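The structure appears below as structure tokens.
Residue numbers (this note's numbering), protein chains in the order written: chain W, 1 to 146; chain S, 147 to 477.
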């Protein structure tokens with residue numbers, strides 16, 4: 001008989017305790033981000049697709065050594081460059097990334113000896129068309145500097 | 147008030163509008179409340195604070211096609227959602243919101259409301275039976291056992307209150323509680339019963355209204371994780387809409403009854419400005435508690451549900467009935 005009543009009492013008490021917990025949560029501020037209107041800043045080590053790094057003049061650091069293209073296991077990267085008259089260094093003229101095949105392994109970034117490649121923080125990449133995933137990184141760099 | 151045709155039509159329109167508006171905006175309140183408890187913003191896109199969400203949902207529901215599944219019992223299938231909404235609207239007729247705002251006061255008001263409330267579970271049975279769907283069928287079986295189990299303690303508790311008031315007239319029950327907060331049936335230190343166990347009766351009654359309206363944690367009829375959506379699995383369009391509105395209208399009725407029977411109706415706790423607003427305040431505090439409870443507790447099992455009723459609520463409410471009878475005799 002005593003256990004019957006003590007069980008009811010403890011059960012009832014636990015119900016009020018639970019309601020206390022939800023009430024505390026009720027008055028706290030919301031923690032979600034309303035996505036299309038605001039987005040989160042990606043963390044430092046987030047690995048998006050690759051991006052060219054620029055020097056002080058806004059030109060890419062890339063010297064067209066082809067290391068990244070050779071290192072890529074999925075054959076995503078195709079680059080081209082040409083030597084200007086009278087200059088020693090090659091200049092990057094084309095940097096295409098085929099993101100449909102990229103598995104974000106990061107071998108290209110590792111293989112780069114000239115600090116020219118890095119992961120971007122881009123993550124809003126959904127699309128219904130395949131062409132949207134062929135990135136022209138040189139053009140992206142220009143857009144960024146605009 | 148004379149019962150002219152115009153009066154009747156106005157009363158019916160007001161009752162339906164009140165029930166429908168409450169249903170629509172309680173869905174909004176429910177979703178906002180759930181969101182706050184889960185620390186989300188909830189519906190906030192359509193209109194300020196998402197206040198245009200309910201009418202838009204209504205338009206969407208009305209624009210959909212009403213389908214009946216093959217092999218379903220057509221008459222019962224169509225009757226069920228109507229039967230879910232109609233008793234709730236009927237009950238509004240006799241509920242007094244203040245000493246003047248009542249469509250038709252009856253001296254058997256309590257009886258009438260419980261008679262119509264028991265028809266609510268009938269709609270669940272009809273819907274589950276006629277859908278020709280095993281999940282709906284199981285849901286209606288559960289609804290019957292739940293209705294049987296929870297109507298008993300609810301009625302016993304109501305009898306306790308009726309015994310204290312000595313009347314089944316809802317107006318009279320409120321008038322007996324109106325002198326002060328200590329006359330309220332939830333904690334009647336003054337008045338004619340002096341029963342210190344009445345808070346327990348209040349809890350029993352409130353639990354039973356939760357169960358009677360098929361609300362979480364007693365929403366075994368719906369049980370979307372086990373029975374798809376239970377009795378309204380096969381309903382779309384306004385068939386589903388009526389079930390939804392019926393559920394919320396029943397919540398309003400249940401809260402109205404709790405307010406009238408235990409919280410002194412439209413009487414004010416401090417004796418200031420008695421009137422319909424006090425009734426509304428108490429009503430919506432109770433409804434907020436309904437929402438709060440829904441988002442706090444997980445669904446019980448069918449055994450837990452029946453055990454709670456037969457082993458705890460019925461013995462305790464019976465004891466309180468006898469205790470109150472004794473106290474009334476003594477004082």
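The beta-carbon is built from N, C-alpha and C at its ideal position, and this holds for glycine as well.
Remember, it's a predicted structure, so these values are computed and weren't measured experimentally.
By the Cβ-count criterion, residue 323 of chain S is buried, with 16 or more other Cβ atoms from all chains shown falling within 10 Å of its own Cβ. Taking a Cβ-Cβ cut-off of 8 angstroms, residue 278 of chain S has no neighbours in chain W, whose nearest Cβ is about 39 angstroms from it. Its chain contains 262 as the residues whose beta carbon lies nearer than 7 angstroms to that of residue 236 of chain S, once the 5 sequence neighbours on both sides are disregarded; these appear in chain order.
DSSP, reduced to helix, strand and coil, places residue 134 of chain W within a strand of the structure shown. Straight-line measurement puts the Cα of residue 222 of chain S at about 10 angstroms from the Cα of residue 228 of chain S.
Interface with chain W (8 angstroms Cβ-Cβ cutoff): residue 460 of chain S is excluded. A straight-line Cα-Cα distance of about 58 angstroms links residue 113 of chain W and residue 374 of chain S.
Taking the beta carbon of residue 25 of chain W as reference, the chain S residues within 7 angstroms of it are 183 and 185, listed in sequence order. For the options W:142, W:124, W:73 and W:135, the alpha carbon positioned closest to that of residue 37 of chain W is the one of W:124.
Under DSSP, residue 52 of chain W forms a beta bridge with W:117.
Under the Cβ criterion (8 angstroms, minimum of three pairs), the stretch 348–365 of chain S counts as touching the stretch 387–398 of chain S.
The C-beta distance from residue 93 of chain W to residue 82 of chain W rounds to 6 angstroms, short enough to fall under 8 angstroms. If you ignore the 5 residues before and after residue 332 of chain S, its C-beta comes within less than 7 angstroms of the C-beta of 344, 345, 348, 408 and 409, all in its own chain and listed in chain order. Contact annotation: residue 207 of chain S and residue 401 of chain S have beta-carbon atoms that are not nearer than 8 angstroms. Listed along the chain, the chain W residues whose CB falls inside 7 angstroms of the CB of residue 442 of chain S are 18, 19 and 22.
The alpha carbon of residue 434 of chain S has as its nearest neighbour, out of S:158, S:256, S:174 and S:188, the alpha carbon of S:174. With a 10 Å radius around the Cβ and a threshold of 16 neighbouring Cβ atoms, residue 35 of chain W comes out exposed. For residue 42 of chain W, the three-state secondary structure derived from DSSP is coil. Ranked by Cα distance from residue 134 of chain W, the first of W:19, W:79 and W:53 is W:79. C-alpha of residue 107 of chain W to C-alpha of residue 127 of chain W: approximately 25 angstroms in a straight line. Under a 10 Å Cβ-count criterion, residue 428 of chain S is classified as buried, with 16 or more other Cβ atoms of the shown protein chains found around its own Cβ.
Distance from the CA of residue 459 of chain S to the CA of residue 268 of chain S, rounded to the nearest whole angstrom, comes to 23 angstroms. Cβ-Cβ distances below 6 angstroms link residue 95 of chain W to 79, 137 and 138 in the same chain, with the five nearest sequence neighbours on each side left out; the list follows chain order. The beta carbons of residue 230 of chain S and residue 388 of chain S sit closer together than 8 angstroms. Inter-residue distance for residue 307 of chain S and residue 334 of chain S is about 11 angstroms (C-alpha atoms, whole angstroms). When Cβ-Cβ separations below 8 angstroms define contact, residue 30 of chain W makes contact with chain S.
Closest option to residue 443 of chain S, judged by alpha-carbon separation, among W:23, W:7 and W:5: W:23.
For residue 239 of chain S and residue 163 of chain S, the gap between their C-alpha atoms comes out near 13 angstroms. Between residue 432 of chain S and residue 470 of chain S, the C-beta spacing is not below 8 angstroms.
For residue 438 of chain S, the neighbours in chain W by C-beta distance under 9 angstroms run, in chain order, 19, 22, 23 and 26. Residue 397 of chain S has its alpha-carbon roughly 11 angstroms from the corresponding atom of residue 352 of chain S. Interface criterion met: the Cβ of residue 8 of chain W is under 8 angstroms from a Cβ in chain S.
The Cβ-Cβ distance between residue 255 of chain S and residue 303 of chain S does not fall below 8 angstroms.
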